[in-house]
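Convert by adding 6 to the 1-based position in the sequence shown; the result is the number in my numbering. Beta carbons are placed, not taken as given, at the ideal position from N, Cα and C, and that holds for glycine. All values reported here derive from a predicted model rather than from experimental measurement. Worksheet: the structure to be examined is printed underneath.
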Amino acid sequence: MPVCQVMGVVNLTPDSFSDGGAFLSFQAALEHALDLAQAGADWLDLGAESTRPGAEPVEENQEIDRLLPLVEALVRATPVPISVDTMKPAVARAAIKSGARMWNDVSALGFDPQGPTTAAALGCDLVLMHMRGEPRSMQDNPRYDDVVGEVEAFLLARAAMAQAAGVARSRIWLDPGIGFGKTTEHNLALVRALPRLASHGYRLAFGASRKRFIAALDPAKPDPGQRLGGSIALALAAARGGAGMVRVHDVRETVQALRVEAALADGNNQAGRKG
Ligand code: HH2
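Structure follows, in structure tokens:
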């Protein structure tokens, strides 16, 4: 099985759905990020604007003020590369200048017309994620005729747009955007379709950790902190489906699950993941 990297989520937001407010202070966020690095994260994804359904937008300067001290401190404190989860080119630029190595854009360069040229100039890795609508309203009755075909066409079009602006194909990751304007059935269809999405030669990123549709599939309707089982099941399904990276909150447990999966798949427990 090919290597599936693990990206640890670090939210510097007061209102993220699973850990909102917990890591708002600089010190708490730094310690949390270093814990995730210690736990085996291949990437640390720092976000200062929540994208959960219904979330309110954050001003550009506020996002930069929240993020930059943490990017700078982490670049000094750990060799694990930093990703910045933002829709704003100016925020991505500031973070990359401070040492971050990936722009994770849930708007797939759709938020600001400067997005494609900024991404090309930065030369960093770039995650293009599918979202239907915008966070404030995206879960209001999302509809598709063919969710897999529409998400696939959108992602390929955004990748082509990025490449036309000068982003190297090898830098691009595509992400189906689990939970972003999708019902449980849509999410399940996209997980099943990962091999098809991976067939275009772009690397695939995938994020389902602790998301609401896990609770929708469990009669106990657990809170976000109690969705580890479903999160791991989805991370394994993603790895099997060809994802090159899973974005998760529970890094240690996910790394362990992926190691076991890789050992089973390859008959050699060094083959699937490093270490
Ligand atoms: N999901 C969230 C945020 N960013 N980025 C990518 N590439 N893929 C995802 O699935 C994805 C993402 C939502 O999760 P979280 O950051 O925990 O919550 P919030 O958006 O409330 O900060």
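Query                                                                                                 : Result
Exposure of residue 82, with buried meaning 16 or more beta-carbon neighbours within 10 Å             : exposed
Reference residue 11, options 90, 209 and 54, closest by Cα                                           : 209
Beta strand (DSSP E) segments (min. 3 residues) lying fully within the segment 242-273                : 251-254
Inter-residue spacing [alpha-carbon to alpha-carbon] between residue 187 and residue 148              : 5 Å
Alpha-carbon spacing of residue 238 relative to residue 259, whole angstroms                          : 8 Å
beta-carbon residue 285 near the ligand HH2 non-hydrogen atom, thresh 8 Å                             : This structure gives no information on residue 285, because the portion of the chain shown stretches from 7 to 281.
Per DSSP, cross-strand counterpart(s) of residue 89                                                   : 51 and 108
The segment 157-164 touching the segment 134-149, judged by at least three CB pairs closer than 8 Å   : yes
Residue 49 at chain B interface by Cβ criterion, 9 Å                                                  : Included in the structure is just one protein chain, with no chain B present.
Per-residue burial, residue 182 [other beta carbons within 10 Å of its own, 16 or more giving buried] : buried
Endpoints, the alpha helix (DSSP H) within which residue 218 is located                               : 218-222
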